[in-house]
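Colleague:
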Amino acid sequence: MNLRHARLRLALVITAVLLLGAGSLGYVLHARDRERPAREAGASASFDLAEPGLYFRDAATGRVARRAASDGPSEPGGPSCDRFHAAGEHALCLRKLPGVPARTDALVLDRRLREIRRVTVPGIPNRARVSASGQLLSWTTFTTGDSYNTSAFSTRTSILDLRTGYLVKSMEQIPLTLDGARHHDSDVNYWGVSFADDDNRFYATVSTRGRTHLVEGDLRNWSARALRENAECPSLSPDGTRVAFKKKVSDEARAPWRLYVLDLATMREHPLAEPHSVDDQPAWLDAATVGYGLDGDIRSVSADGTGTPRLLVRGGSSPAYVSGPPR
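For the sequence shown, the numbering used here begins at 1290 and goes up steadily by one.
Now the structure itself:
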């Protein structure tokens, strides 16, 4: 009887050990499955925003790359993104998710390009912007259609304030003043946000009743007012005095836009020297130079309208110049 009891106790111990081991293995595998998407999307350990340079999406790999010198080689190793922007303490990576309907992950990354927050929104990745401090982020997705060159499109633009954690899921409800009066319409669409250095004022495009407008917004007062018509995808200059934007100059379907710069003090504009149609939100690479995507490459041009365009990166998009540690 004692021998039988001993054998029974031994069998129970062995079974418990096997079950515990299987449970532990299952937990490890589950943890690996949860971590795999973050690792696959994340940057390599040696790739971060510490080194000044031009950061961009490399078309060949779909990952963020860096070019420290204008004539130097590109360094791979960043996260996998469809749209990217970085400034100050943070970066923003937009990634289209598989499946139908279309959805996008907006990944908030720190300066080491590690994910610190993820927001999933409907639509296809379109625009991404981070304020100079890195505390405000905005993204735009196409929720209907996939081009601005048609009336059959709709956008969704969000703003995330990392100082408070508050997320504006859609800007459509922001009170809009148009032609001096409060404007109400179900067709209002916002896209292409660009933030001022004070982390309060911003510029964006609004479309309503078949027209597009450049608007100036105030986050604290939660308001926006139209400044002028026919100015899309604005980008505020580092000194806050000028806005680079794309302007519709033709009804031709294949080449409707040209790049312009607007002086906010005088409201005078001038065209830039890029002769081709540019369907992109330009990015200021410094106080005198505007970068943009064109035909799958990244180009730059002088902001004063002189000179000729320059090819910066072949096979790249989403340019953002990161100058170094945040102010």
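Glycine included, each C-beta is placed from N, C-alpha and C at the ideal position.
Can you give the Cα-Cα distance for SER1427 and ASP1371, rounded to whole angstroms?
Modeller: 15 Å
Colleague: Count Cβ pairs between the segment 1378-1397 and the segment 1463-1479 that sit closer than 8 Å; are there 3 or more?
Modeller: no
Colleague: Whole angstroms are fine: how far does the CA of GLY1388 sit from the CA of ASP1528?
Modeller: 42 Å
Colleague: Considering just the uninterrupted stretch of the beta strand (DSSP E) at THR1501, what are its terminal residues?
Modeller: 1500-1507
Colleague: In whole angstroms, give me the CA-to-CA distance for ARG1401 and PHE1373.
Modeller: 15 Å
Colleague: Taking SER1427 as part of the beta strand (DSSP E), name the residues at either end of that continuous run.
Modeller: 1425-1433
Colleague: One question on the structure: do LEU1561 and ARG1547 come within less than 9 Å of each other, judged by their Cβ atoms?
Modeller: yes
Colleague: Check for me: the beta strand (DSSP E) holding LEU1583 runs from which residue to which?
Modeller: Going by DSSP, LEU1583 is part of the beta strand (DSSP E) stretching over 1578-1583.
Colleague: Assuming VAL1419 and ALA1380 make a contact with CB atoms under 8 Å, what is their CB distance in whole Å?
Modeller: 7 Å
Colleague: Given this structure, state the Cα-to-Cα distance separating LEU1425 from ARG1384, to the nearest angstrom.
Modeller: 19 Å
Colleague: Pull up the distance between the alpha-carbon of THR1494 and that of ALA1417, whole angstroms please.
Modeller: 14 Å
Colleague: If you run the structure through DSSP and keep just helix, strand and coil, what is GLU1378?
Modeller: coil
Colleague: State the CB to CB distance for the pair GLU1340 and ALA1357, rounded to an integer number of angstroms; the pair is presumed to be in contact (CB under 8 Å).
Modeller: 6 Å
Colleague: Tell me, please, which residues DSSP counts as bridged to ASN1489.
Modeller: Partner(s): none; ASN1489 has no beta bridge.
Colleague: Among residues of its own chain, excluding the 5 on either side of ASP1540, which ones have a beta-carbon nearer than 8 Å to its beta-carbon?
Modeller: none
Colleague: Based on DSSP bridge pairs, tell me the residues matched to ALA1609.
Modeller: TYR1344
Colleague: What residue from CYS1382, VAL1538, VAL1532 has the CA that sits closest to THR1430's CA?
Modeller: CYS1382
Colleague: Are LEU1449 and VAL1457 touching if we call contact CB-CB under 9 Å?
Modeller: yes
Colleague: Any heavy atom of the ligand NAD inside 8 Å of the beta-carbon of ALA1515?
Modeller: Absence of the ligand NAD is noted for the structure shown, with no ligands found whatsoever.
Colleague: From the beta carbon of LEU1426, is the nearest beta carbon of chain C less than 9 Å away?
Modeller: Chain labels in this structure do not include chain C; a single protein chain is all it has.
Colleague: Tell me the DSSP bridge mates of LYS1536?
Modeller: ARG1547
Colleague: To the nearest angstrom, how far is it from the Cα of ALA1349 to the Cα of VAL1567?
Modeller: 21 Å
Colleague: Pick out whichever of VAL1408, ASP1486, VAL1532, SER1369 has its Cα sitting closest to the Cα of ALA1421.
Modeller: ASP1486
Colleague: Could you give the distance in angstroms between the alpha-carbon of LEU1551 and the alpha-carbon of ARG1557?
Modeller: 6 Å
Colleague: Nearest to TRP1480 by CA position, among ASP1474, ALA1376, PHE1491, is which residue?
Modeller: PHE1491
Colleague: Run through DSSP, which three-state label would GLU1521 get?
Modeller: strand
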